[in-house]
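Residue numbers (my numbering), protein chains in the order written: chain B, 10 to 204; chain D, 10 to 204. In this text, a Cβ means the ideal position worked out from N, Cα and C, and glycines have one as well.
Protein chains: 2
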Amino acid sequence: MSSENIDTRTRILKSSLELLEASQGRGVRMTDIAKRAGITRQALYLHFATRAELLIATTHYLDQIKGSDARLEPSRTAQSGIARLDAYIEAWSEYIPEIYPIGKALMAMKDTDAAADKAWDDRMQAMREGCAAAILALERDGNLSPDHSAEDAIDILWTMLSVRNWEQFTLECGWSREKYGKTLKSLARRVFVAG
Amino acid sequence: MSSENIDTRTRILKSSLELLEASQGRGVRMTDIAKRAGITRQALYLHFATRAELLIATTHYLDQIKGSDARLEPSRTAQSGIARLDAYIEAWSEYIPEIYPIGKALMAMKDTDAAADKAWDDRMQAMREGCAAAILALERDGNLSPDHSAEDAIDILWTMLSVRNWEQFTLECGWSREKYGKTLKSLARRVFVAG
DNA sequence: TTTCAACTTGACACCGTGTCAATTGACATG
DNA sequence: CATGTCAATTGACACGGTGTCAAGTTGAAA
């Protein structure tokens, strides 16, 4: 096994991520992660104080190995507000499936664990920045529909692009990634672009 | 106390509902419900086999006392597809805040309890019928935007009106009930009505 | 050869759900 | 009055999952 001399902490994060991905974030216990990392459950606590902390560390690990969060950036280079909106939705639709499993696990703890709640909220707040940037660019171009204030438009885009919505479209309605991306882009144009 | 000779089952349901409403569906335990109903936790199980079953019964109790579900009907009498869409969104925006607390509790069990999962899914499937009726009426009028097939439009409306979205708009974005209703109606027109 | 850190073993606490057996108290019926 | 029934009580326990603790092992570095 190539993974034998990897440092333990990393092996834990890798195991955590693999299990979460395999189960779409549902039903992954500390025991399972420990087993897969080749250590005891108790040893997990030598590296992470709580399950929430481990889950949060797993998101950072994911970002680090996939550079996922960086991929949300390129939309900033787009010229027009419309292009920026499109680019952002495209990037986001690639990104969601990757964080979904770990996001799901974190969301499941929202109600009982303040740390998990905050960690996920922070992520969603960061994603809101991207929505705001797109809407503001649209406004600057004079292309924002007069139906909504910029603030409202941001709320709407942010909600349209929520992970819960992605979950419903893909998992419940059976939409493909392509259909999701294509439809949300068209929806966003229709809702936010004037005329 | 006027509630003393009410039949126990009803007293339990009443307590369950009150506690769920008071806490917005979060952290209500069997013990709490029993205490409020004036019986022991164990006695709860003489009336309901599981927590999920009690929660589900609570939704029926809520429908019964508030006649909430019936209020989703009047949109059927509306003339045009557009009026129907409006009426449905209006009724729904009145309805959501009422079922939200118990819905929240049910949703929290989705991942671990199959019965709760199914019960909530059934509700959402019923609500989808309303969405379908509105979209189909719009299509019959020749007013459905050519951007979407009827099926896609139903998926989209259904997701737009999801409880999770309502939660985000009102709880996270701080929208009032009126703003929610008004904005969703305007959004729906813009997205679904041709021209 | 000692020392230290990482890890193991095994036990235990806490919470919330669900279960069970034995008991109590009220009420109805013969 | 005795008997039975029914709803509820008391007290105990199981289970699953998280988190904790004390004592022991192992391997590598100093």
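### Message
Based on DSSP bridge pairs, tell me the residues matched to Val202/D.
### Response
Leu153/D.
### Query
So with Cβ pairs under 8 Å, would you call Ser195/D a contact of chain B?
For Ser195/D, the answer is yes, since a Cβ of chain B falls inside 8 Å of its Cβ.
### Message
Is there a C-beta anywhere in chain B that falls below 8 Å from the one on Ser171/D?
### Response
Answer yes: the Cβ-Cβ gap between Ser171/D and chain B drops below 8 Å somewhere.
### Message
Suppose you measure from the CA of Gly204/D to the CA of Phe201/B; what does that come to, to the nearest Å?
### Response
C-alpha separation (whole angstroms): 16 Å.
### Query
Taking only beta-carbon atoms, is Asp72/D less than 8 Å away from chain B?
No, because no Cβ of chain B sits closer than 8 Å to the Cβ of Asp72/D.
### Message
Taking only three categories from DSSP, how would you classify Tyr54/B?
### Response
When secondary structure is reduced to three states using DSSP, Tyr54/B falls in the coil class, being assigned neither helix nor strand.
### Own chain residues within Cβ distance below 7 Å of Leu153/B, not counting five before or after
Answer for Leu153/B: Ile144, Leu147, Ala159, Ala162, Phe201 and Ala203, listed in chain order.
#### Entry: Rounded straight-line distance, which links the Cα of Leu26/B to that of Ile108/B
When rounded, the separation of the alpha-carbon atoms in Ile108/B and Leu26/B is 10 Å.
### Where Ala117/D meets chain B, residues with beta-carbon distance less than 7 Å
Using a Cβ-Cβ cut-off of 7 Å, Ala117/D is close to Asp120 of chain B, given in chain order.
### Task
Just the C-alpha distance for Ile65/D and Gly76/D, rounded to the nearest angstrom, thanks.
Going by the C-alpha atoms only, they are around 16 Å apart.
### Euclidean distance between Cα positions of Ala61/D and Arg198/D
Whole-angstrom Cα-Cα distance: 38 Å.
### Task
Report, in whole angstroms, the separation of the C-beta atoms of Gly9/B and Trp129/B, which I expect to be a contact under 8 Å.
Nothing about residue 9/B can be reported from this structure: the residues present for chain B run from 10 to 204 only.
#### Entry: C-alpha distance - His69/D paired with Leu63/D, whole-angstrom precision
CA-to-CA, the gap between His69/D and Leu63/D works out to about 10 Å.
### Query
From Gly139/D to Met39/B, what distance separates their C-alpha atoms?
In this structure, the alpha-carbon of Gly139/D lies about 42 Å from that of Met39/B.
#### Entry: Cβ-based contacts, 9 Å cut-off: residues of the region 39-55 of chain B near chain D
Against chain D - using a Cβ distance shorter than 9 Å - the region 39-55 of chain B contributes no residues.
### Task
Would you kindly work out how many angstroms separate the C-alpha atoms of Lys188/D and Leu166/B, rounded to a whole number?
Looking at the two C-alpha atoms, the distance is approximately 16 Å.
### Task
Output yes if chain D places a C-beta closer than 8 Å to the C-beta of Asn152/B; else output no.
Residue-level contact by beta carbon fails for Asn152/B and chain D, as no gap is shorter than 8 Å.
### Task
Please confirm if Arg132/D has its CB atom under 8 Å from at least one CB of chain B.
Under the Cβ criterion of 8 Å, Arg132/D is not counted among the residues facing chain B.
### Message
Tell me which residues of the region 171-191 of chain D have at least one Cβ-Cβ distance to chain B shorter than 7 Å, keeping chain order.
### Response
Contact residues of the region 171-191 of chain D toward chain B are Ser171, Arg173, Asn174, Gln177, Phe178 and Cys182 (C-beta to C-beta distance below 7 Å).
### Task
Spell out whether any CB of chain D is found under 8 Å from the CB atom of Asp164/B.
Asp164/B counts as touching chain D.
### Query
If you drop the 5 nearest sequence neighbours on each side, which residues of the same chain put their C-beta closer than 7 Å to that of Leu28/B?
Same-chain partners within the cutoff: Val37, Asp41, Ile42 and Arg45.
### Query
Going by Cα to Cα distance, which pick from Ser185/B, Leu180/B and His157/B is closest to Ser195/D?
Taking the Cα of Ser195/D as reference, the smallest distance to any Cα among Ser185/B, Leu180/B and His157/B is reached at His157/B.
### C-beta neighbour in chain D for Val245/B, strict 8 Å
This structure does not reach residue 245/B, given that chain B is present from 10 up to 204, and the question cannot be answered.
### Message
Quick check on this structure: which residue in Arg18/B, Ala79/B and Arg80/B has the alpha carbon closest to the alpha carbon of Ala52/B?
### Response
Measuring from the Cα of Ala52/B, the nearest candidate turns out to be Arg18/B.
### Query
Grouping DSSP H, G and I as helix and E and B as strand, with all else coil, what is Ser102/D?
Helix, per DSSP.
### Task
Report the residue from Asp120/D, Lys127/D, Arg173/D and Ile91/D whose alpha carbon sits nearest the alpha carbon of Ile105/D.
That would be Arg173/D, whose Cα lies nearest to the Cα of Ile105/D.
### Contact list for Thr168/D against chain B, beta-carbon separation under 7 Å
Neighbours of Thr168/D on chain B, chain order: Asn174, Gln177 and Phe178.
### Message
Rounding to the nearest angstrom, what Cα-Cα distance links Arg50/B and Thr67/B in this structure?
### Response
If you draw a straight line from the Cα of Arg50/B to the Cα of Thr67/B, it comes to about 17 Å.
### Query
What is the DSSP secondary structure of Leu166/D, counted as helix, strand or coil?
Here Leu166/D carries a helix assignment [DSSP, helix/strand/coil].
### Query
For the candidate residues Ser24/B, Thr59/B and Leu115/B, whose alpha-carbon lies nearest to that of Ile48/B?
The shortest C-alpha separation from Ile48/B is found at Ser24/B.
### Query
For Gln177/B, does the count of other Cβ atoms within 10 angstroms reach 16, so buried, or fall short, so exposed?
When all chains shown are included, Gln177/B counts as buried.
### Message
So if I threshold CB-CB distances at 8 Å, which residues from the region 87-102 of chain D count as touching chain B?
### Response
Answer in chain order: no residues at all.
### Message
For Arg35/B, would you say it is in contact with chain D, using Cβ-to-Cβ distances shorter than 8 Å as the test?
### Response
By this cut-off, Arg35/B is an interface position.
### Query
Since Ala31/D is in the alpha helix (DSSP H), which residue starts that stretch and which ends it?
Per DSSP, the continuous alpha helix (DSSP H) segment holding Ala31/D begins and ends at Thr17 to Ser32.
#### Entry: Residues that Asp161/B contacts on chain D, provided the C-beta gap is smaller than 8 Å
Near Asp161/B (Cβ distances below 8 Å), the residues of chain D are Thr192.
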